[in-house]
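Working notes, beginning with the structure itself.
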Amino acid sequence: MTIQRTLIAAAVASALALTVAPRAHADSQLGIVAGETASAGTIVGRVRESNFGASLDGAVISLNGEQVTTSSRNGEFRISGVAPGTYQLTVDYLGYHSVDTEIVVPADSGAQVEISLYSNAGAADATTLGTVEVRATRDANALALNQQRASTNYINVVSADLLGQFPDHNIAESTQRIPGVSIERDQGEGRYVTVRGAPKEFTTVSIDGVQLANPDAESRGVELDTIPADVIAALEVTKALTPDMDADAIAGNINIRTQSALDRDGLTLRASAAMGEFELGSGDNTRYNATIGNAFGADRNIGLLISASRSEQERFTDNVEAVFEDFDGEIMPEVVEIKDYEGTRTRTGLTGRFDFRINPDNLLYFIASDSNFEDREFRDTLAIELERHEAGSNDVTGVAGRATFDKELRERTYDKSIRTYNLGGEHWLGADWKLDWQAAQSKADKTTSPRMQYIFRSEVRPRMAYDYSNPDFPVWNILDVADAPASGVNLPEDWYNFRRLNDRYEYSEEKENSFRVDLTRAQNFLGEHGDIKFGLRARQRDKLFNEERHRNGEEDDFNALGIGYSDMLFDSWSNNFDYFLTGRRFRRDTFENYAGPLTSSPNHERLIADSITADYSASEDVYAGYVRLDATWDKLTMVAGARYERTELEGSAAEFNEETEEAVPQFASRSYGHFLPSVHFRYELDQDTILRASYSTGLNRPDFMHTAPYRIRGERDWDDIEIGNPNVKAAYAHNLDVSFERYLRPLGLVSAAAFYKRINDPLFVASSTVLWEDVVMDDGEIRDIRQDVTRPENGDKGSIYGLELAWQQTFDMLPGAWNGLGVYANYTWAKSKAELPFGLGETELPGTSRHNYNLALTYEKAGFNARLAYNHRSEFIQEFNITNPELNILWDGRSSLDFTASYRFGNGISLFGEVNNINDTRQVRYQGQRNRVLEMEGFGRSWLVGVRYDY
Numbered sequence: 036m037t038i039q040r041t042l043i044a045a046a047v048a049s050a051l052a053l054t055v056a057p058r059a060h061a062d063s064q065l066g067i068v069a070g071e072t073a074s075a076g077t078i079v080g081r082v083r084e085s086n087f088g089a090s091l092d093g094a095v096i097s098l099n100g101e102q103v104t105t106s107s108r109n110g111e112f113r114i115s116g117v118a119p120g121t122y123q124l125t126v127d128y129l130g131y132h133s134v135d136t137e138i139v140v141p142a143d144s145g146a147q148v149e150i151s152l153y154s155n156a157g158a159a160d161a162t163t164l165g166t167v168e169v170r171a172t173r174d175a176n177a178l179a180l181n182q183q184r185a186s187t188n189y190i191n192v193v194s195a196d197l198l199g200q201f202p203d204h205n206i207a208e209s210t211q212r213i214p215g216v217s218i219e220r221d222q223g224e225g226r227y228v229t230v231r232g233a234p235k236e237f238t239t240v241s242i243d244g245v246q247l248a249n250p251d252a253e254s255r256g257v258e259l260d261t262i263p264a265d266v267i268a269a270l271e272v273t274k275a276l277t278p279d280m281d282a283d284a285i286a287g288n289i290n291i292r293t294q295s296a297l298d299r300d301g302l303t304l305r306a307s308a309a310m311g312e313f314e315l316g317s318g319d320n321t322r323y324n325a326t327i328g329n330a331f332g333a334d335r336n337i338g339l340l341i342s343a344s345r346s347e348q349e350r351f352t353d354n355v356e357a358v359f360e361d362f363d364g365e366i367m368p369e370v371v372e373i374k375d376y377e378g379t380r381t382r383t384g385l386t387g388r389f390d391f392r393i394n395p396d397n398l399l400y401f402i403a404s405d406s407n408f409e410d411r412e413f414r415d416t417l418a419i420e421l422e423r424h425e426a427g428s429n430d431v432t433g434v435a436g437r438a439t440f441d442k443e444l445r446e447r448t449y450d451k452s453i454r455t456y457n458l459g460g461e462h463w464l465g466a467d468w469k470l471d472w473q474a475a476q477s478k479a480d481k482t483t484s485p486r487m488q489y490i491f492r493s494e495v496r497p498r499m500a501y502d503y504s505n506p507d508f509p510v511w512n513i514l515d516v517a518d519a520p521a522s523g524v525n526l527p528e529d530w531y532n533f534r535r536l537n538d539r540y541e542y543s544e545e546k547e548n549s550f551r552v553d554l555t556r557a558q559n560f561l562g563e564h565g566d567i568k569f570g571l572r573a574r575q576r577d578k579l580f581n582e583e584r585h586r587n588g589e590e591d592d593f594n595a596l597g598i599g600y601s602d603m604l605f606d607s608w609s610n611n612f613d614y615f616l617t618g619r620r621f622r623r624d625t626f627e628n629y630a631g632p633l634t635s636s637p638n639h640e641r642l643i644a645d646s647i648t649a650d651y652s653a654s655e656d657v658y659a660g661y662v663r664l665d666a667t668w669d670k671l672t673m674v675a676g677a678r679y680e681r682t683e684l685e686g687s688a689a690e691f692n693e694e695t696e697e698a699v700p701q702f703a704s705r706s707y708g709h710f711l712p713s714v715h716f717r718y719e720l721d722q723d724t725i726l727r728a729s730y731s732t733g734l735n736r737p738d739f740m741h742t743a744p745y746r747i748r749g750e751r752d753w754d755d756i757e758i759g760n761p762n763v764k765a766a767y768a769h770n771l772d773v774s775f776e777r778y779l780r781p782l783g784l785v786s787a788a789a790f791y792k793r794i795n796d797p798l799f800v801a802s803s804t805v806l807w808e809d810v811v812m813d814d815g816e817i818r819d820i821r822q823d824v825t826r827p828e829n830g831d832k833g834s835i836y837g838l839e840l841a842w843q844q845t846f847d848m849l850p851g852a853w854n855g856l857g858v859y860a861n862y863t864w865a866k867s868k869a870e871l872p873f874g875l876g877e878t879e880l881p882g883t884s885r886h887n888y889n890l891a892l893t894y895e896k897a898g899f900n901a902r903l904a905y906n907h908r909s910e911f912i913q914e915f916n917i918t919n920p921e922l923n924i925l926w927d928g929r930s931s932l933d934f935t936a937s938y939r940f941g942n943g944i945s946l947f948g949e950v951n952n953i954n955d956t957r958q959v960r961y962q963g964q965r966n967r968v969l970e971m972e973g974f975g976r977s978w979l980v981g982v983r984y985d986y
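Under my numbering, the sequence shown has 217 at position 182, and the numbering climbs by one with no breaks.
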């Protein structure tokens, strides 16, 4: 199993134990003149907190009362073009006491200064450091809010320490706490991220600016359940792109920030271990992680940080599905599947970061990360196909003239990894020019092996009545069969006989090599001061998918095993939701003991068409250039510019000729370009009140699979077909954003933002239905067959608009124990619409929930930290059926309540506990309307307790 190197964030929690200064007024510090380390006319500085020396990003730096810059990564700042003389330098940082420092700049050199800030989390009358109260999450949250306040464009920043107070298993679940961000789940666990109601493909994910390759063969939406939640320093969600950012992020970009050993003074050492249980199935829940880093060298200018993480979850899931179809104008159930999932999910992560600060003008870094997710799963299934519906049947009640029952066991293990390697540098070329460069590779792969399935079919195919008056818990009754169960579908075991053994293998891979170079220099031709920036960017991405399918349906091969269906079962019953009793489960050693002779038999045949037509390969090369202009007039800052991206696309697949039994290669290629302007304004009403407005543009390129010339069909002419469309266009969006932010002292934020996106050529995966009449089946029966044809298409136009509200605050002003209270809340309202292909009307875009909100009540005092968090996402559409919108697939709304608490002892040791899904909510998908439940899934509660050490 691959061990991952996931970007581990020593979570800005270098500030995890910030101290408090006794004064509420600005402190005065002595400036340090260092002509040998700073060029003439330049002030070079660094801002840190006073207790552990953690760097503070986003500090506002003023010179003689005029704001001139903000501190960046590692707390560093630089002011060029300063005339010789004495200056008053002021540093302001939310959650900390401001500092005034006198700086002397000589005529023949510059100055270097180190600024230490004290947290104001302690008592107002504190006079010694002995009275300081450590509030880890509070001070780490200050770091995130200051970065957000200082940003020239609209972003949300959340520190790892704040996210660490939520009981989240992976990065996807962590993002749902951010305003405007919601997630899609798999078996109750977050997987895909949606920003501002846009489809998941509208959001890109990067690690330190390097876009992640995607293990998913079908979508550009990154499977973020691969990356553990405890391997980050901070999450930055950029919702309004600047010209120097990759354009393929209509909704926004989520950047996972890593920590550097140079972010703080001294040793970084953290470790934790936790154990718990999942309520459903009593599966184990374990998690371990460790981080160690330090600075070396005579000047402490070399940093090395390594982090490792591992979690293992024994998850059990109850699942019931029913597919509804349109039968001559009447919608009725066609397939019912009752599934038992039992599996183990294992995540491992390993990240290393090396930084070399050669001198104040030059920095080199190398970052490597590897995240791995293995999911080993057994699935017991009872599948029922309903046919020949009798008169009067509908989507609520009716009678199927024939019901076919299959009992199945599937064993499936998939292993997916995401790896990144990032080499870069930052260099000042004299006093005016700055050069940034980066060479990176991101690679993702996903292997599904084994994926084997035993199927047994009932020889009895009776009439069956159904009643969906309660759509979550329907009633089925078998009719006219003497030994059938009185109610339900727990059939006698002697009804079942061997049908076939399926064997399947899948492999997908995506790799991107990327290169970037940026040149920045100060400009004085527009505004009072500012910068002009130029850059070139190249991204070369390759994608492939390979599938192999085999099948043995020879009954004699099975009989040679000398066993029957009942011999493969053990005394554990499938009874999902304590309602859907379907009989005994299969033994988990079934394939180990009883698959070998069938797979080695000559009757184990390769399904040639299926093994060829699903394969594809694609390459996408993107070359970009941009210019960005930053200018400041007193309280107004402008960022303007444009980007041009040229895309070169190639794809290949194969069709299978049934008559000649030959694969026919298919090739396609395209090139296209886009001009992408943007302009952003930031205006300070005062130091803590900020207005923003922006116009930006962005792209959503089609999924790789959808641009390959593939044609996937079943064995028969009327089986469902999936078709690629090499001519489908990239969607292009015009984005408008306005926001108001009021930063609260000592620490908090109230904000409101409105957004509008106009989308040209929105992308759809459209399904239509074709009717085949009078088809002769294998058993000689003549019947009508409906065939679904799925193909990516462009609509004409679409839009997304909405509103975000956020409030977070610590109530330090309250007396006594009450001043440990805090609140973290946000709400997003979004609405979308898009014109369907072929003039077939309007619909909402996939992923648009009308309402998303988070509410967390927090308490942090005297080492105790607790958080009760509520999250809600309302319903949203997932897939479209163009022929019949009544069969569109939607996710129902879902709410979850989680709790976490910890107590920190004075020696750096903390005890913590987490509880997930306290309200035991399920997730439900339905077709068209809520009474047609496509899927209902339950996964129960889970809990975890552990110990953590922070040095």
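Think of the CB as a built atom: it goes at the ideal place given N, C-alpha and C, for glycine as much as any other residue.
7 Å CB neighbourhood of residue i in its chain, flanking five on each side removed
i      : result
Val968 : Ala357, Pro506, Asp507, Val959, Tyr961
Phe615 : Val355, Ile373
Ala852 : Lys896
Glu271 : Ile190, Val192, Asn290, Arg292
Gly999 : Past the edges of the chain, shown from 36 to 986, lies residue 999, and the structure says nothing about it.
Gly232 : Ile835, Gly837, Ala865, Ser867, Gly882, Thr883, Ser884
Length of the line joining the Cα atoms of residue i and residue j
i      : j      : result
Arg184 : Asp450 : 40 Å
Asp566 : Leu946 : 48 Å
Gln843 : Ala284 : 27 Å
Leu180 : Thr672 : 19 Å
Ala517 : Thr918 : 41 Å
Gly318 : Met971 : 21 Å
Tyr859 : Leu890 : 6 Å
Thr229 : Tyr888 : 14 Å
Ile756 : Glu877 : 24 Å
Ile419 : Asp441 : 6 Å
Thr273 : Arg717 : 15 Å
Leu720 : Gly783 : 17 Å
Glu589 : Tyr489 : 12 Å
Cβ-based burial, residue i [other Cβ within 10 Å; buried from 16]
i      : result
Val169 : Legend: pLDDT at Val169 = 47, less than 50; position of this residue unreliable, value from coordinates given subsequently. Burial call: buried.
Val510 : exposed
Ala521 : exposed
Glu693 : exposed
Same chain only: Cβ atoms within 8 Å of residue i, ignoring 5 sequence neighbours per side
i      : result
Ser687 : Tyr651, Ser652, Ala653, Pro700, Gln701, Phe702, Ala703, Ala743, Pro744
Arg780 : Leu129, Asp723
Backbone secondary structure at residue i - three-state DSSP
i      : result
Leu339 : strand
Pro712 : strand
Phe331 : strand
Gly459 : strand
His741 : helix
Pro141 : coil
Asp796 : coil
Neighbourhood of residue i by C-beta, 6 Å cutoff - its chain only, sequence neighbours within 5 removed
i      : result
Glu839 : Pro214, Gly215, Ala788, Thr863
Thr125 : Ser97, Asp135
Phe911 : Gly882, Thr883, Ser884, Trp926
Pro797 : Ala766, Gly830, Gly833, Ala869
Thr432 : Asp502
Decide yes or no for the touch test of the stretch 701 to 711 against the stretch 214 to 222: beta carbon pairs closer than 8 Å, at least 3 of them. Contact fails: fewer than three Cβ-Cβ distances are below 8 Å.
Does the contact criterion of 3 or more C-beta pairs under 8 Å hold for the stretch 374 to 388 versus the stretch 409 to 427? yes
Evaluate the contact criterion for the stretch 438 to 446 versus the stretch 395 to 408: three or more CB pairs, one atom per stretch, below 8 Å. no
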